[in-house]
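Order-wise, the sequence lines are chains A and B. Each residue of the first sequence is one higher than the one before, starting from 1 at the first, in the UniProt record's numbering. Each residue of the second sequence is one higher than the one before, starting from 1 at the first, in the UniProt record's numbering. Some notes on the structure that comes next.
Number of protein chains: 2
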Amino acid sequence: MLDTQSIQAIQCIVGEKNLLYDPARIKAYNCDAYTAEKAEPTAVVFPETTEQVSLLVQYFYQHGIAFLPRGAGTGLSGGATPTHHEVIINLVKMDKILSIDYENHRAVVQPGFVNLHLTQKIASHGFYYAPDPSSQSVCTIGGNVAENSGGSHCLKYGVTTNHVVAVKCVLPTGRIVELGENFGDAVGYDLLGVVVGSEGTLGIVTEITVKILKKPESVKTLLALFDRVEDASDTVSALIRHGIIPAACEMMDKLTLYAVDKSHYRVGYPSDIEAVLLIEVDGLEAGVDDVAAEVMNVCTAHHVRTVKLAANDAERDLWWKSRKMAFPAIGRISNDYLVQDGVIPRSQLTHVLETIAALSQQFGLRVANVFHAGDGNLHPLICYDARNPEELARAVMLGQQILELCVDVGGSITGEHGVGIEKIQQMAYMYNELDLNAQSRLRQIFDPLGLCNPGKILPTPQSCGDRPTRHGVVSIPSSL
Amino acid sequence: MLDTQSIQAIQCIVGEKNLLYDPARIKAYNCDAYTAEKAEPTAVVFPETTEQVSLLVQYFYQHGIAFLPRGAGTGLSGGATPTHHEVIINLVKMDKILSIDYENHRAVVQPGFVNLHLTQKIASHGFYYAPDPSSQSVCTIGGNVAENSGGSHCLKYGVTTNHVVAVKCVLPTGRIVELGENFGDAVGYDLLGVVVGSEGTLGIVTEITVKILKKPESVKTLLALFDRVEDASDTVSALIRHGIIPAACEMMDKLTLYAVDKSHYRVGYPSDIEAVLLIEVDGLEAGVDDVAAEVMNVCTAHHVRTVKLAANDAERDLWWKSRKMAFPAIGRISNDYLVQDGVIPRSQLTHVLETIAALSQQFGLRVANVFHAGDGNLHPLICYDARNPEELARAVMLGQQILELCVDVGGSITGEHGVGIEKIQQMAYMYNELDLNAQSRLRQIFDPLGLCNPGKILPTPQSCGDRPTRHGVVSIPSSL
Numbered sequence: 001m002l003d004t005q006s007i008q009a010i011q012c013i014v015g016e017k018n019l020l021y022d023p024a025r026i027k028a029y030n031c032d033a034y035t036a037e038k039a040e041p042t043a044v045v046f047p048e049t050t051e052q053v054s055l056l057v058q059y060f061y062q063h064g065i066a067f068l069p070r071g072a073g074t075g076l077s078g079g080a081t082p083t084h085h086e087v088i089i090n091l092v093k094m095d096k097i098l099s100i101d102y103e104n105h106r107a108v109v110q111p112g113f114v115n116l117h118l119t120q121k122i123a124s125h126g127f128y129y130a131p132d133p134s135s136q137s138v139c140t141i142g143g144n145v146a147e148n149s150g151g152s153h154c155l156k157y158g159v160t161t162n163h164v165v166a167v168k169c170v171l172p173t174g175r176i177v178e179l180g181e182n183f184g185d186a187v188g189y190d191l192l193g194v195v196v197g198s199e200g201t202l203g204i205v206t207e208i209t210v211k212i213l214k215k216p217e218s219v220k221t222l223l224a225l226f227d228r229v230e231d232a233s234d235t236v237s238a239l240i241r242h243g244i245i246p247a248a249c250e251m252m253d254k255l256t257l258y259a260v261d262k263s264h265y266r267v268g269y270p271s272d273i274e275a276v277l278l279i280e281v282d283g284l285e286a287g288v289d290d291v292a293a294e295v296m297n298v299c300t301a302h303h304v305r306t307v308k309l310a311a312n313d314a315e316r317d318l319w320w321k322s323r324k325m326a327f328p329a330i331g332r333i334s335n336d337y338l339v340q341d342g343v344i345p346r347s348q349l350t351h352v353l354e355t356i357a358a359l360s361q362q363f364g365l366r367v368a369n370v371f372h373a374g375d376g377n378l379h380p381l382i383c384y385d386a387r388n389p390e391e392l393a394r395a396v397m398l399g400q401q402i403l404e405l406c407v408d409v410g411g412s413i414t415g416e417h418g419v420g421i422e423k424i425q426q427m428a429y430m431y432n433e434l435d436l437n438a439q440s441r442l443r444q445i446f447d448p449l450g451l452c453n454p455g456k457i458l459p460t461p462q463s464c465g466d467r468p469t470r471h472g473v474v475s476i477p478s479s480l
Numbered sequence: 001m002l003d004t005q006s007i008q009a010i011q012c013i014v015g016e017k018n019l020l021y022d023p024a025r026i027k028a029y030n031c032d033a034y035t036a037e038k039a040e041p042t043a044v045v046f047p048e049t050t051e052q053v054s055l056l057v058q059y060f061y062q063h064g065i066a067f068l069p070r071g072a073g074t075g076l077s078g079g080a081t082p083t084h085h086e087v088i089i090n091l092v093k094m095d096k097i098l099s100i101d102y103e104n105h106r107a108v109v110q111p112g113f114v115n116l117h118l119t120q121k122i123a124s125h126g127f128y129y130a131p132d133p134s135s136q137s138v139c140t141i142g143g144n145v146a147e148n149s150g151g152s153h154c155l156k157y158g159v160t161t162n163h164v165v166a167v168k169c170v171l172p173t174g175r176i177v178e179l180g181e182n183f184g185d186a187v188g189y190d191l192l193g194v195v196v197g198s199e200g201t202l203g204i205v206t207e208i209t210v211k212i213l214k215k216p217e218s219v220k221t222l223l224a225l226f227d228r229v230e231d232a233s234d235t236v237s238a239l240i241r242h243g244i245i246p247a248a249c250e251m252m253d254k255l256t257l258y259a260v261d262k263s264h265y266r267v268g269y270p271s272d273i274e275a276v277l278l279i280e281v282d283g284l285e286a287g288v289d290d291v292a293a294e295v296m297n298v299c300t301a302h303h304v305r306t307v308k309l310a311a312n313d314a315e316r317d318l319w320w321k322s323r324k325m326a327f328p329a330i331g332r333i334s335n336d337y338l339v340q341d342g343v344i345p346r347s348q349l350t351h352v353l354e355t356i357a358a359l360s361q362q363f364g365l366r367v368a369n370v371f372h373a374g375d376g377n378l379h380p381l382i383c384y385d386a387r388n389p390e391e392l393a394r395a396v397m398l399g400q401q402i403l404e405l406c407v408d409v410g411g412s413i414t415g416e417h418g419v420g421i422e423k424i425q426q427m428a429y430m431y432n433e434l435d436l437n438a439q440s441r442l443r444q445i446f447d448p449l450g451l452c453n454p455g456k457i458l459p460t461p462q463s464c465g466d467r468p469t470r471h472g473v474v475s476i477p478s479s480l
């Protein structure tokens with residue numbers, strides 16, 4: 001609970017209407033889309049300018065008050081969950097587009113600007129913004145910067161860090177800095193690259209300059225149905241081996257198909273199909289038809305049952321809706337589900353999917369697989385019933401085993417959802433103490449008092465191997 | 001000069017044959033390819049393993065001896081010049097390829113491995129390594145990592161940082177760490193991204209895991225001759241506007257054409273041509289012909305005099321040799337030249353080229369322009385005669401004005417050559433004190449004693465605006 005002096009100071013900065021501290025009204029901010037852990041914030045404040053953010057943060061820093069930034073709250077790893085009674089700095093009112101430069105392919109937006117709105121705003125000029133997380137219709141570009149969000153089309157076009165060229169950022173001490181270059185690569189050390197994906201722990205981004213891309217002249221979307229998961233996996237590797245970089249290459253397995261066909265976006269997949277690939281190729285009108293034909297040939301060489309081109313935009317939209325709404329669709333076949341997010345070498349796809357199937361049997365929990373196959377970025381969805389605490393615990397344990405499997409085959413514990421609080425234990429599985437110390441030291445330069453989104457990403461020493469102690473502080477070793 | 005104890009200690013680590021300290025034999029290491037400043041090293045040591053590098057660095061750190069890493073010495077900004085009597089750690093003996101994984105598109109090399117040798121080694125399997133600096137036949141991949149090197153084909157494929165997925169690195173304190181992920185993006189803070197492009201100031205990279213790419217099925221190369229520089233510039237913007245991302249898009253101006261046609265690689269450009277574009281498109285056989293035809297249409301719409309496709313590999317090779325050897329070719333028309341390396345928004349190409357022409361007049365020095373036009377990465381070559389010290393000073397001043405012009409139009413002072421010692425003054429033109437402090441603080445975590453390639457990249461406080469004091473130390477402010 002804030003004291004009266006702090007309430008007055010904050011109101012003085014942002015105005016009375018922009019501070020919430022009534023416990024009933026701030027309860028909605030006790031987690032983001034990672035709902036397995038919840039905790040109450042102290043207050044929620046809605047700044048409207050960079051200067052207000054800076055003044056707020058200066059006040060918090062002078063008074064030892066922990067804080068964290070929040071966008072739309074769609075994060076999947078708990079990055080915006082106030083585990084340390086933080087004041088939440090909600091950026092939804094900073095939702096303007098500041099400038100668009102079509103000639104040089106740049107746009108400047110505030111952090112609360114919704115991802116999809118950017119593409120909608122510039123579409124009439126033939127442009128779009130490439131990173132497209134499934135939540136793009138509601139998630140904010142500020143949140144995308146924090147999590148270095150990916151999306152279906154990141155196989156060809158890269159993730160958020162490849163599209164952000166500069167930011168204005170309020171450091172945890174309250175100073176305002178500009179990082180990155182509008183044109184050209186980093187000069188000196190790449191501090192922008194460190195801030196992108198830092199999950200709101202190194203400062204609060206208040207202006208973002210992104211690349212906007214010319215819409216491809218032509219897009220062809222194919223749907224390929226396979227009798228065996230292995231054939232679908234081999235097709236993905238073979239496409240890349242043939243030098244084809246699809247704009248997107250998504251896989252869904254049998255359980256996912258069953259769920260999505262129960263949703264509003266019913267495609268009508270045959271019930272005995274084991275895996276579907278949704279493949280998109282794009283480029284100039286001239287060449288795309290031939291590339292699509294090559295994709296079909298590769299599918300045929302890998303025993304596809306059927307493969308077809310979307311007949312029109314309506315069919316293409318339906319296929320994509322079916323894919324993008326796959327997570328919520330799982331809600332139709334299971335009370336609850338945990339979304340995992342691991343990365344593996346493409347060559348390990350078949351092995352890892354078989355092992356997940358075996359783990360699913362062993363744990364007695366269904367697992368649906370839907371993922372960015374081209375990138376080897378898996379999203380196993382573990383079905384469970386939260387009303388049974390033992391089943392929740394089993395689901396969490398299965399999720400951890402899947403992540404450790406990803407690390408064991410040479411992969412990583414997160415493709416695009418971040419570490420947050422969800423995967424903090426796996427950081428110690430993936431990294432040794434030295435690696436983690438290096439990251440802690442970096443964090444300490446930005447945030448010497450440990451007040452900016454504390455307890456996220458890096459395990460505290462006592463938490464390595466155990467359940468992390470939420471109130472520990474990040475350890476600062478004396479040197480690298 | 002090293003004392004006897006240090007000589008024995010170093011010999012103990014690397015063997016007698018791997019240490020040079022005779023002044024006559026180490027003189028060759030007094031600069032890299034930025035020859036405007038020279039300084040003698042204390043010794044040159046040739047480690048053969050990561051462990052040797054680590055032991056050396058530990059010894060240097062314990063004894064307060066400054067050191068710096070060196071690859072092939074082709075750097076253009078003085079990053080390997082021993083301005084602080086450093087011991088040079090020469091990595092040429094660490095020149096092995098450690099593993100190749102064709103299935104997952106990865107190769108692991110030592111830092112002394114030559115860039116072009118990687119493509120040659122994997123070519124028979126249909127693969128290549130994308131970053132292609134003009135010096136690729138001699139420069140090392142370790143040096144490319146230090147400088148985040150670009151190249152002609154980086155417009156479509158990205159620079160070194162986009163192709164390095166992981167490194168083994170000896171920190172300035174001697175500890176060995178692994179940074180990055182073989183698969184998937186950075187987990188936690190992107191420390192790999194900070195090390196790539198850090199110009200040998202944050203440690204010594206001893207193993208590098210890079211992406212290798214499948215060779216495009218088909219490549220078409222076009223040569224377009226223009227009567228006006230403006231038309232060539234507009235063509236570049238128009239290509240990108242049409243959604244065409246050429247694999248390469250290089251421009252050479254009249255003076256450059258004159259020089260290259262005097263070289264061994266004579267194309268026979270008409271003497272009244274003002275600008276040439278060398279444009280390459282690649283991809284699947286199926287579509288490339290059509291894309292090349294579109295490129296021709298865009299050139300025609302912008303008043304090209306002639307545009308033609310390379311008739312065969314021999315013609316293509318000649319065109320590329322003529323471009324890649326453009327820097328040395330300037331040596332045929334001028335005793336000496338300074339290569340600059342600025343980045344500008346593509347939309348400013350015409351304005352900046354006109355301003356450079358006016359500055360050239362004003363300073364009474366010829367400037368040849370050859371550059372990666374698609375990226376807006378300029379390489380003005382300032383012709384001068386070093387036998388006349390006043391002319392050298394004038395050339396340096398002209399170079400600085402060109403860099404400041406790049407910053408003024410919204411660009412940056414380096415595209416791919418790094419800051420080194422050459423552009424250390426312009427860092428203070430581009431960044432304010434706060435920005436520079438943030439970079440200093442980052443450096444200090446890696447190198448608390450300031451012994452690893454000191455005096456590079458960051459100006460010392462007293463040097464901002466003045467000529468940098470070579471023996472100053474990097475200032476460490478108490479907080480961000």
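Where a beta carbon is used, it is the ideal one built from N, C-alpha and C, also for glycine.
Worksheet entry | Nearest-angstrom Cβ-Cβ length linking Ile26 (chain A) and Pro47 (chain A), presumed shorter than 8 angstroms | In the first sequence, counting from the first residue as 1, residue 26 (chain A) sits at position 26. In the first sequence, counting from the first residue as 1, residue 47 (chain A) sits at position 47. The pair is not a contact, with the Cβ atoms about 16 angstroms apart (cut-off 8 angstroms).
Worksheet entry | Assigned exposure category for Gly15 (chain B) - 16 Cβ within 10 Å defines buried | Numbered from its first residue, the second sequence carries residue 15 (chain B) at position 15. Gly15 (chain B) comes out exposed.
Item to complete: For Arg470 (chain A), decide whether its Cβ has a neighbour in chain B, counting only Cβ atoms nearer than 7 angstroms.
Response: The sequence position of residue 470 (chain A) within the first sequence is 470, counting from 1. With a pLDDT of only 26 at Arg470 (chain A), under 50, the local geometry of the prediction cannot be trusted, and no value is derived from it.
Worksheet item: Which of helix, strand or coil does DSSP assign to Asn144 (chain B)?
Response: Within the second sequence, the letter at position 144 stands for residue 144 (chain B). It is helical.
Worksheet entry | 7 angstroms Cβ cutoff, Glu217 (chain B) in contact with chain A | As a working mapping, residue 217 (chain B) is identified with position 217 in the second sequence. Judged by the 7 angstroms Cβ criterion, Glu217 (chain B) is in contact with chain A.
Fill in: Straight-line Cα distance separating Gly126 (chain B) from His105 (chain B)
For the purposes of this step, residue 105 (chain B) is identified with residue 105 of the second sequence, where counting begins at 1. For the purposes of this step, residue 126 (chain B) is identified with residue 126 of the second sequence, where counting begins at 1. Approximately 11 angstroms between the Cα atoms of the pair.
Worksheet item: Are the stretch 29–40 of chain B and the stretch 68–77 of chain B in contact at 8 angstroms, needing three or more beta carbon pairs?
Response: yes
Worksheet item: Is there at least one Cβ from chain A nearer than 7 angstroms to Glu181 (chain B)'s Cβ?
Response: Along the second sequence, one-based indexing puts residue 181 (chain B) at 181. At least one chain A Cβ lies under 7 angstroms of Glu181 (chain B).
Worksheet entry | Between the CA atoms of Glu250 (chain B) and Ala123 (chain A) - distance to the nearest angstrom | In the first sequence, residue 123 (chain A) corresponds to position 123, counting from 1. In the second sequence, residue 250 (chain B) corresponds to position 250, counting from 1. If you take the alpha carbons of Ala123 (chain A) and Glu250 (chain B), they lie about 30 angstroms apart.
Practice prompt. Using a Cβ cut-off of 7 angstroms (strictly closer), state whether Ile445 (chain B) contacts chain A.
Written response: Translated into the one-based positions of the second sequence, residue 445 (chain B) becomes position 445. At least one chain A Cβ lies under 7 angstroms of Ile445 (chain B).
Worksheet item: When DSSP labels each residue in this structure, what does Val194 (chain A) get in the three-state scheme?
Response: Counting from one through the first sequence, the residue named residue 194 (chain A) turns up at place 194. In the structure shown, Val194 (chain A) sits in a helix (DSSP, three-state: H, G or I).
Item to complete: Report yes or no: is there a C-beta of chain B within less than 7 angstroms of the C-beta of Leu442 (chain A)?
Response: In the first sequence, the residue the question calls residue 442 (chain A) occupies position 442. At least one chain B Cβ lies under 7 angstroms of Leu442 (chain A).
Discussion item. Does any residue of chain A have a CB that is nearer than 7 angstroms to the CB of Tyr61 (chain B)?
Written reply: Here residue 61 (chain B) refers to the residue found at position 61 of the second sequence. Answer no: the Cβ-Cβ gap between Tyr61 (chain B) and chain A never drops below 7 angstroms.
Practice prompt. For the alpha helix (DSSP H) containing Asn90 (chain A), list its first residue and its last residue.
Written response: The sequence position of residue 90 (chain A) within the first sequence is 90, counting from 1. Counting along the chain, Asn90 (chain A) falls outside any alpha helix (DSSP H), though it belongs to the beta strand (DSSP E) covering 87–90.
Worksheet item: Using DSSP with H/G/I as helix, E/B as strand and the rest coil, what is Pro69 (chain A)?
Response: Counting from one through the first sequence, the residue named residue 69 (chain A) turns up at place 69. Three-state DSSP puts Pro69 (chain A) in a strand.
Fill in: Interface residues of chain A facing Gln58 (chain B) [CB-CB closer than 9 angstroms]
Taking the first residue of the second sequence as position 1, residue 58 (chain B) is located at position 58. Within chain A, no residue comes near Gln58 (chain B); the closest Cβ sits about 13 angstroms away, beyond 9 angstroms.
Worksheet item: Using 8 angstroms as the Cβ pair cut-off and three pairs as the minimum, do the stretch 371–387 of chain A and the stretch 208–220 of chain B touch?
Response: no
Worksheet item: Grouping DSSP H, G and I as helix and E and B as strand, with all else coil, what is residue 483 (chain B)?
Response: Residue coverage of chain B in this structure runs from 1 to 480, which leaves residue 483 (chain B) outside it and unanswerable.
Worksheet item: Hey, is Asp22 (chain A)'s beta-carbon within less than 7 angstroms of any beta-carbon in chain B?
Response: Start at 1 with the first residue of the first sequence, and residue 22 (chain A) comes out as number 22. So, not an interface residue.
Item to complete: Examine the Cβ distances between the stretch 296–307 of chain A and the stretch 331–348 of chain A and report whether three or more of them are shorter than 8 angstroms.
Response: no
Fill in: Contact list for Val177 (chain B) against chain A, beta-carbon separation under 7 angstroms
In the second sequence, counting from the first residue as 1, residue 177 (chain B) sits at position 177. Simply Leu434, Asp435, Ala438.
Practice prompt. Indicate the three-state DSSP secondary structure (helix, strand or coil) for Asn369 (chain B) in the structure shown.
Written response: Position 369 of the second sequence, counting from 1, holds the residue named residue 369 (chain B). Note: Asn369 (chain B) maps to strand in three-state DSSP.
Worksheet item: Would you say Thr414 (chain A) faces chain B, with C-beta separation under 7 angstroms as the test?
Response: Residue numbering aside, residue 414 (chain A) sits at position 414 when the first sequence is read from its first letter. Yes, because at least one Cβ of chain B sits closer than 7 angstroms to the Cβ of Thr414 (chain A).
Discussion item. So, under 8 angstroms CB-CB, Cys169 (chain A) and Val177 (chain A) are touching, yes? Tell me the CB distance rounded to an integer number of Å.
Written reply: Position 169 of the first sequence, counted from the start, is the residue given in the question as residue 169 (chain A). Position 177 of the first sequence, counted from the start, is the residue given in the question as residue 177 (chain A). Indeed, because the Cβ distance is near 6 angstroms, the residues count as touching under 8 angstroms.
Item to complete: May I ask whether a heavy atom of the ligand ATP can be found less than 6 angstroms away from the beta carbon of Glu315 (chain A)?
Response: With respect to the ligand ATP, the structure shown offers nothing to examine, as it has no ligands at all.
Worksheet item: Of all the beta strand (DSSP E) runs that stay within the bounds of the stretch 174–250 of chain B, which reach a length of 3 or more residues?
Response: 176–180, 204–211, 218–226
Item to complete: Give the single residue among B:His63, B:Glu181, B:Gln52 whose Cα lies nearest to the Cα of Leu2 (chain B).
Response: Translated into positions along the second sequence, residue 2 (chain B) becomes position 2. Selected option, being the one with the closest Cα: B:His63.
Worksheet item: Which residues in chain B sit within 8 angstroms of Lys214 (chain A), going by Cβ to Cβ distance?
Response: In the first sequence, residue 214 (chain A) corresponds to position 214, counting from 1. Going along chain B in sequence order, the residues near Lys214 (chain A) (Cβ under 8 angstroms) are Ile240, Arg241, His242, Gly243.
Worksheet entry | C-beta atoms of Val167 (chain B) and Leu179 (chain B) nearer than 7 angstroms | Translated into positions along the second sequence, residue 167 (chain B) becomes position 167. Translated into positions along the second sequence, residue 179 (chain B) becomes position 179. Taking 7 angstroms as the Cβ cut-off, Val167 (chain B) and Leu179 (chain B) qualify as a contacting pair.
Item to complete: Flag Ala292 (chain B) as yes if its beta-carbon sits less than 7 angstroms from any beta-carbon of chain A, otherwise no.
Response: The residue labelled residue 292 (chain B) in the question sits at position 292 within the second sequence. It does not: the Cβ of Ala292 (chain B) has no partner Cβ on chain A nearer than 7 angstroms.
Discussion item. What does the Cβ neighbour count give for Asn115 (chain B), buried or exposed, with the cut at 16 atoms within 10 Å?
Written reply: For the purposes of this step, residue 115 (chain B) is taken as the residue at position 115 of the second sequence. Under this definition Asn115 (chain B) is a buried residue.
Discussion item. In the DSSP output, which residue or residues are listed as bridge partners for Glu280 (chain A)?
Written reply: As a first step, residue 280 (chain A) must be located in the first sequence, where it is residue number 280. A:Thr221, A:Ala248.
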